[in-house]
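A.B. asks: In my numbering, the protein residues as written are 417 to 557.
Idealized CB from N, CA, C, for every residue including glycine.
First the structure, then my questions, so here it is.
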Amino acid sequence: MTAEEIEKFENTMVALDLMNYPFYHHPKFFVNSFNHSTHPLPNLDIYNVMLKVRPHLSDTIENCKWRGRPIRCNLLFRTQVTEEGFCFSFNSKTAERTLDYSPTVPPMEAPDGSLHCLRNNAAGRGSGLSFELKSIEFEAL
417 MTAEEIEKFE NTMVALDLMN YPFYHHPKFF VNSFNHSTHP LPNLDIYNVM LKVRPHLSDT
477 IENCKWRGRP IRCNLLFRTQ VTEEGFCFSF NSKTAERTLD YSPTVPPMEA PDGSLHCLRN
537 NAAGRGSGLS FELKSIEFEA L
């Protein structure tokens, strides 16, 4: 790469870094409004690119328990888009209901559309949610 290509690449990355949620759908706007030389972007939707390259729940969380009993992690967590990208939420009433929506993943949706969170009726270790985080190989690359 030439020095000019490196500069264009770096400027493009800086412009994309300036994007904020919920404007991930408009990367060309951020690159085109950047006052430096940048690479032209194809018509792509950063949201969909992020969705394809994100780690999945099974890549990051394992050995889930609710009230001390093993339970499949995908029955407790849903994927949620945030200012920092995608994350996994538990009992979030603000989580979007689009990516991995299921009426049985907390908070559960009642017939009237209201949301009901899982509740813990005791205090102490092992009485609520517990899980283990996996180490993602090559996560810094």
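Tell me, to the nearest whole angstrom, how far the beta carbon of Pro522 is from that of Phe504; I am working on the premise that it is less than 8 Å.
C.D. replies: Your numbering for residue 522 matches position 106 in the sequence shown. Your numbering for residue 504 matches position 88 in the sequence shown. So it is not a contact: roughly 12 Å between Cβ atoms.
A.B. asks: With 16 other CB atoms within 10 Å as the buried threshold, where does Phe493 fall?
C.D. replies: What you label residue 493 is simply residue 77 of the sequence shown in a count that begins at 1. Buried, by the Cβ-count rule.
A.B. asks: Is it right to say Arg541 is buried, meaning 16 or more other beta carbons lie within 10 angstroms of its own, or is it exposed?
C.D. replies: As a working mapping, residue 541 is identified with position 125 in the sequence shown. So Arg541 counts as exposed.
A.B. asks: To the nearest angstrom, how far is it from the Cα of His532 to the Cα of Met524?
C.D. replies: Here residue 532 refers to the residue found at position 116 of the sequence shown. Here residue 524 refers to the residue found at position 108 of the sequence shown. Near 5 Å, if we compare the C-alpha coordinates of Met524 and His532.
A.B. asks: Looking only at C-alpha atoms, which of Leu534, Leu491, Glu500 sits nearest to Leu434?
C.D. replies: Taking the sequence shown and counting its residues from 1, the one referred to as residue 434 is at position 18. The shortest Cα separation from Leu434 among Leu534, Leu491, Glu500 belongs to Glu500.
A.B. asks: Is it right to say Leu557 is buried, meaning 16 or more other beta carbons lie within 10 angstroms of its own, or is it exposed?
C.D. replies: In the sequence shown, counting from the first residue as 1, residue 557 sits at position 141. Residue placement at Leu557 cannot be trusted, given a pLDDT of 47 that sits under 50; what the coordinates show is reported in the next sentence. Leu557 comes out exposed.
A.B. asks: Quick one: what's got a C-beta closer than 6 Å to Ile487's C-beta in the same chain, skipping five residues either side?
C.D. replies: Here residue 487 corresponds to residue number 71 of the sequence shown, with the count starting at 1. Correct list, in chain order: Cys480.
A.B. asks: Would you kindly work out how many angstroms separate the C-alpha atoms of Ser546 and Gly484, rounded to a whole number?
C.D. replies: Here residue 546 refers to the residue found at position 130 when the sequence shown is read from its first residue. Here residue 484 refers to the residue found at position 68 when the sequence shown is read from its first residue. Answer to the nearest angstrom: the Cα atoms are 8 Å apart.
A.B. asks: Just curious, the beta strand (DSSP E) that Phe425 is in, first and last residue?
C.D. replies: Locating residue 425 in the sequence shown gives position 9, where the first residue counts as 1. Not the beta strand (DSSP E): Phe425 falls in the alpha helix (DSSP H), residues 419–433.
A.B. asks: Can you tell me the Cβ-Cβ gap for Thr418 and Thr454, rounded? I've got them flagged as a contact below 8 Å.
C.D. replies: Mapped onto the sequence shown, residue 418 falls at position 2. Mapped onto the sequence shown, residue 454 falls at position 38. Not really, about 15 Å apart at Cβ, beyond 8 Å.
A.B. asks: Can you tell which of Ala538, Ser551, Ser508 has the C-alpha that lies nearest to the C-alpha of Ser530?
C.D. replies: By one-based count along the sequence shown, residue 530 stands at place 114. It is Ser508 whose Cα lies nearest to the Cα of Ser530.
A.B. asks: So the candidates are His472, Glu478, Val465; which of them puts its Cα closest to the Cα of Lys550?
C.D. replies: As a first step, residue 550 is located in the sequence shown; it is residue number 134 there, counting from the start. Cα-wise, what sits closest to Lys550 is Glu478.
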